[in-house]
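To get my numbering, take the position in the sequence shown, counting from 1, and add 4. Reviewing the structure listed below.
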Amino acid sequence: MRFCSLGSGSTGNATLVEARSGTTVSRVLIDCGFSLRELERRLARAGLTSTDIHAVFITHEHGDHVGCALTLARRHRVPLWTSRGTWRAIGEPELPDELLHFARDMSSIAVGNLELIPYTVPHDAHEPLQLCVSDGAVRLGVLTDAGSITPHLLAQLQGCDALLLECNHDRSMLANSAYPASLKARISGRLGHLANDTAAEILAGCMHGGLKQLVAAHLSERNNRPALAQAALAPLLGGCPEDVLVADPVLGFDWLHIAQ
């Protein structure tokens with residue numbers, strides 16, 4: 005199994021996961037926070053087109069995650085998965101029944117050779133979900149939008165071979181930023197976004213010897229720095245910051261293979 009990011013941040017988010025079994029290829033796009041034209045451009049960087057996507061999963065209704073998801077589903081007949089709460093929040097738009105599927109906490113979803121397990125997280129959205137993805141051999145944990153730690157969240161990330169983990173802000177940078185107090189409170193609140201030190205707590209709670217890939221994601225361009233996110237997570241990996249990959253807001257990151 006392998007995964008890559010087409011971009012990770014407030015300007016747009018999309019993560020690709022791919023599994024191969026013989027001649028069969030299964031691909032899911034987790035979030036779709038760009039225009040269709042921009043998505044196509046970024047997919048081309050990964051060697052793909054929209055017609056290579058077998059399903060799209062929308063984690064929640066914020067624009068940097070929904071983007072062109074409906075257009076992609078309609079134009080290319082791509083099945084779309086999301087929670088009922090998210091669907092209501094975006095206005096319950098018209099979509100053929102065969103393309104619309106509702107996801108629930110801990111209810112398994114099959115996309116070819118991939119198994120998706122959605123799980124609920126604390127975030128300021130209507131029924132937000134994050135995902136663990138497996139091909140039966142390895143497991144990827146995706147946590148890119150959450151405001152705080154819950155036992156349920158930690159339980160789902162146990163035993164992952166790779167982890168895509170939000171490191172949105174550095175507390176000091178956010179506190180000293182020009183953001184209004186209300187926005188600072190939203191970002192740092194229980195339903196906001198993960199600070200670097202909170203991400204480190206999550207990593208400590210699910211760290212094990214089999215974790216092979218760690219990516220810091222959804223970094224704020226104003227209230228964080230890649231080196232700060234790496235410094236927060238690196239001690240749990242033996243102290244080498246270079247062992248923590250950081251997803252670029254524009255470039256994302258190239259394909260990473262998850263070895264067994």
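Using N, Cα and C, we set each Cβ at its ideal position, and we do this for glycine too. All of these numbers come straight from a predicted model, not from anything done at the bench.
Reducing DSSP to helix, strand and coil, say where residue i ends up.
{"i": "VAL32", "result": "strand"}
{"i": "THR148", "result": "coil"}
{"i": "ALA204", "result": "helix"}
{"i": "GLU170", "result": "strand"}
{"i": "CYS210", "result": "helix"}
{"i": "GLY256", "result": "strand"}
{"i": "GLU96", "result": "coil"}
{"i": "ARG190", "result": "helix"}
{"i": "GLU25", "result": "According to the sequence as given, residue 25 is Ser; it is not Glu. Strand at SER25."}
{"i": "GLN217", "result": "strand"}
{"i": "THR124", "result": "strand"}
{"i": "GLU131", "result": "coil"}
{"i": "GLU246", "result": "helix"}
{"i": "HIS58", "result": "coil"}
{"i": "ALA310", "result": "Because the chain in this structure spans residues 5 to 264, residue 310 falls outside the shown range and cannot be described."}
Taking residue i and residue j to be in contact with their CB atoms under 8 Å, please state how far apart those CB atoms are, rounded to whole angstroms.
{"i": "ASP56", "j": "ARG31", "result": "6 Å"}
{"i": "THR63", "j": "ASP35", "result": "6 Å"}
{"i": "CYS164", "j": "LEU215", "result": "7 Å"}
{"i": "VAL250", "j": "LEU223", "result": "7 Å"}
{"i": "CYS210", "j": "LEU158", "result": "6 Å"}
{"i": "SER54", "j": "HIS80", "result": "5 Å"}
{"i": "ALA107", "j": "LEU133", "result": "6 Å"}
{"i": "LEU103", "j": "PRO122", "result": "Contact doesn't hold; Cβ gap of about 18 Å is too wide."}
Can you list, in chain order, the residues of its chain whose CB lies under 7 Å from that of residue i, leaving out five sequence neighbours each side?
{"i": "ILE4", "result": "Because the chain spans 5 through 264 in this model, residue 4 falls outside it and cannot be assessed."}
{"i": "ALA238", "result": "CYS244, PRO245, ASP247, VAL248"}
{"i": "ALA73", "result": "CYS36, VAL60, ILE62, LEU84"}
{"i": "ASP139", "result": "MET5, ALA23, ASN117, LEU118"}
{"i": "MET177", "result": "ASN227, ASN228"}
{"i": "PRO126", "result": "ALA150, GLY151, SER152, THR154, ARG194, LEU195"}
Short of 6 Å in beta carbon distance, which residues of its chain neighbour residue i, apart from the five on each side in sequence? Order them along the chain.
{"i": "ASN228", "result": "HIS173, ASP174"}
{"i": "LEU10", "result": "ALA18, ARG46, GLY256"}
{"i": "SER14", "result": "ASP68"}
{"i": "LEU161", "result": "GLY145, CYS210"}
{"i": "SER1", "result": "The question about residue 1 has no answer, for the chain in this structure spans 5 to 264."}
{"i": "VAL115", "result": "SER30, VAL32, HIS58, ALA59"}
Near residue i, what residues of its chain come up, given a Cβ to Cβ distance below 8 Å and the 5 sequence neighbours on each side ignored?
{"i": "ALA208", "result": "LEU240"}
{"i": "SER181", "result": "LYS188, ARG226, ASN227"}
{"i": "LEU43", "result": "LEU10, ALA18, CYS36, SER54, GLY71, CYS72, LEU76"}
{"i": "LEU271", "result": "A query on residue 271 cannot be resolved here, the shown segment of the chain reaching from 5 to 264 and no further."}
{"i": "PRO97", "result": "LEU74"}
task: Counting only runs of 4+ residues fully inside the stretch 60-89, write out the alpha helix (DSSP H) ranges in chain order.
output: Runs of the alpha helix (DSSP H) inside the stretch 60-89: 67-70, 73-80.
message: Would you call the stretch 190-204 in contact with the stretch 253-261, where contact means no fewer than 3 C-beta pairs closer than 8 Å?
response: No: the two stretches stay apart, fewer than three of their Cβ pairs being nearer than 8 Å.
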